[in-house]
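Here's the structure we're looking at; comments come further down.
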Amino acid sequence: MIQAILVALADKNTEITNEHLDELAFLAETAGIQTKNRFVQRLPQPDVRTFVGKGKLAEIKEYVVSKEIDNVIFDDDLSASQLRNLEKELNTPERDIKVRVYDRSLLILDIFSMRAQTAQSRAQVELAMNQYLLPRLTRMWTHLERQRGGCFFTFTTASLSIF
Numbered sequence: 002m003i004q005a006i007l008v009a010l011a012d013k014n015t016e017i018t019n020e021h022l023d024e025l026a027f028l029a030e031t032a033g034i035q036t037k038n039r040f041v042q043r044l045p046q047p048d049v050r051t052f053v054g055k056g057k058l059a060e061i062k063e064y065v066v067s068k069e070i071d072n073v074i075f076d077d078d079l080s081a082s083q084l085r086n087l088e089k090e091l092n093t094p095e096r097d098i099k100v101r102v103y104d105r106s107l108l109i110l111d112i113f114s115m116r117a118q119t120a121q122s123r124a125q126v127e128l129a130m131n132q133y134l135l136p137r138l139t140r141m142w143t144h145l146e147r148q149r150g151g152c153f154f155t156f157t158t159a160s161l162s163i164f
């Protein structure tokens with residue numbers, strides 16, 4: 002069975018946070034994911050880089066590595082940079098299993114894609130998934146922007162050479 006942990010930010014009312022995590026656990030169960038633990042961070046607003054603070058991220062990473070968890074589900078929507086930074090932080094080179102980071106919207110879209118029956122519903126879910134992923138694809142291939150490729154042709158009398 003696929004295992005996950007749940008992560009949420011708490012404001013002053015922890016009862017509402019627990020209700021949101023219960024709902025998120027139910028969504029995860031619907032997607033066939035078993036939740037193992039919950040992590041709650043008290044912050045007035047999400048960290049711009051990783052959504053949670055450095056200490057909480059280290060705690061999450063330690064738990065993920067020790068318990069061999071392969072999914073981390075966040076209660077709120079993550080920005081593209083937060084998603085990328087979290088995956089970079091949580092995936093260590095010594096682990097064979099890649100940790101997948103979900104936010105609430107992605108989890109719901111995955112549930113819809115699993116449950117879509119007709120061609121029309123599958124197309125609608127695929128469209129929604131592409132609209133969700135489009136902003137997250139921005140700047141993914143920047144490591145190639147300085148690459149230049151080209152093909153130079155020289156003709157000789159004997160043969161065609163390609164360099």
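Using this note's numbering, read the sequence shown as starting at 2 and increasing by one per residue.
Using N, Cα and C, we set each Cβ at its ideal position, and we do this for glycine too.
Just the C-alpha distance for residue i and residue j, rounded to the nearest angstrom, thanks.
i	j	result
Phe113	Lys13	33 Å
Asp71	Val126	24 Å
Val41	Asp23	13 Å
Ser106	Thr15	22 Å
Ile3	Asn131	24 Å
Thr36	Thr119	30 Å
Ile34	Val65	15 Å
Val49	Thr93	22 Å
Gln121	Phe27	27 Å
Lys55	Ala32	29 Å
Below 8 Å on the Cβ atoms is my contact criterion, and I expect residue i with residue j to pass it. Report the Cβ-Cβ distance as a whole number of Å.
i	j	result
Ile98	Val8	At roughly 18 Å, the Cβ-Cβ gap does not stay under 8 Å, so Ile98 and Val8 are not in contact.
Asp77	Asp111	That belief does not hold up - the Cβ atoms of Asp77 and Asp111 are roughly 17 Å apart, past 8 Å.
Leu108	Ala29	7 Å
Which residues mark the beginning and the end of the alpha helix (DSSP H) in which residue i is found?
i	result
Asn86	Ala81 to Leu91
Asp78	Per DSSP, Asp78 belongs to no alpha helix (DSSP H) and is neither H nor E.
Asp23	Thr15 to Thr31
Buried or exposed, going by whether 16 or more other CB atoms sit within 10 Å of the CB of residue i?
i	result
Leu161	With a pLDDT of 45 at Leu161, under the threshold of 50, the modelled position of this residue cannot be trusted, and the question is left open.
Leu86	Looking at the sequence shown, residue 86 is not Leu but Asn. It counts as buried.
Leu128	exposed
Ile6	buried
Leu25	buried
Who are the Cβ neighbours of residue i in its own chain at under 8 Å, not counting the five residues just before and after it?
i	result
Ile90	It should be noted that the sequence gives Glu, not Ile, for residue 90. Within the same chain, Glu90 has close Cβ partners Thr51, Leu58 and Lys62.
Val53	Val8, Leu10, Phe40, Gln42, Leu44, Pro47 and Ile61
Leu84	Val102, Asp104 and Arg137
Asn19	none
Val100	Val65, Ile70, Asp71, Asn72, Val73, Glu88, Leu91 and Asn92
Tyr133	Ser106, Leu107 and Leu110
Once you ignore the five residues that flank residue i on each side, which residues in its own chain have a CB closer than 7 Å to its CB?
i	result
Arg123	Ala117
Pro136	Ala81
Lys68	Lys37
His21	Ala9 and Asp76
What span of residues does the beta strand (DSSP E) with residue i cover, start to end?
i	result
Gln42	Ile34 to Arg43
Val8	Ile3 to Ala11
Ile74	Asn72 to Phe75
Asp165	The requested residue 165 is not part of the displayed model; the chain covers only 2 to 164.
Arg123	Counting along the chain, Arg123 falls outside any beta strand (DSSP E), though it belongs to the alpha helix (DSSP H) covering Ala120 to Leu138.
Arg101	Arg101 to Asp104
Counting only the same chain and skipping the five closest in sequence on each side, list residues whose C-beta sits under 6 Å from that of residue i.
i	result
Met1	No answer is possible for residue 1: it lies beyond the span of the chain, which begins at 2 and ends at 164.
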